[in-house]
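J.:
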Amino acid sequence: MSGMNIKKGDLVQVVTGKDKGLQGKVIQAFPTTQKVLVEGVNRVKKHTKVGQSVRGSKTGGIITVEAPVHVSNVMLVVEHEGAKVVTRVGYRRVEEERTLADGTKKTVTRSVRYAKRTGKDI
């Protein structure tokens, strides 16, 4: 199983399913199951047990919560020239020079996510 391109905090758009076209922010990512929890998308009714809080008010009943969506059903949305553009995610290796605590300089390479449609770093 490969890693996921979508991370927590990304703005995504649903590309298939009952909520097709909706956009929302990723609340949580589940890499092991390849799913993401998107704000306002795939809302389902959940029945919770009725109980009492400390103050005596009733809790429980039917509540509406977001359910996870498979990562293949969402695409990243980026801002480009004032418009929101749906794009795929690519990775590029970049060499950086870092200064260590003792004052020496070290060249390191790291992966940078970029939007394939615009070419800009995310």
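Each residue of the sequence shown is one higher than the one before, starting from 33 at the first, in our numbering.
No residue lacks a Cβ here, since even glycine has one placed at the ideal position from N, Cα and C.
1) Indicate whether the contact test is met: 3 or more Cβ pairs, each with one atom in the region 44-64 and one in the region 123-142, closer than 8 Å.
2) Indicate whether the contact test is met: 3 or more Cβ pairs, each with one atom in the region 99-106 and one in the region 64-82, closer than 8 Å.
3) Going straight from the alpha carbon of I154 to that of V110, what length do you get?
4) Does the Cβ of T139 have 16 or more other Cβ atoms within 10 Å, making it buried, or fewer, making it exposed?
5) Along the beta strand (DSSP E) that carries I59, what are the first and last residues, could you check?
6) State the start and end residues of the unbroken beta strand (DSSP E) segment that holds K81.
7) With H, G and I counted as helix, E and B as strand and the rest as coil, what does DSSP make of S104?
8) Comparing alpha-carbon positions, which option in V118, A115 and M107 lies nearest K39?
9) Should K90 go down as buried or exposed, given a rule of 16 or more other Cβ atoms within 10 Å for buried?
10) For Q55 and V44, which I take to be in contact (beta-carbon distance under 8 Å), what is that distance rounded to the nearest angstrom?
11) Given that a residue counts as buried once 16 or more other Cβ atoms are within 10 Å of its Cβ, and exposed if not, what is K67?
T.: Checking against the coordinates, here is how it stands:
1) no
2) yes
3) 8 Å
4) So T139 ends up on the exposed side.
5) Q55 to F62
6) R75 to Q84
7) helix
8) M107
9) exposed
10) With a Cβ gap of about 7 Å, Q55 and V44 count as contacting.
11) buried
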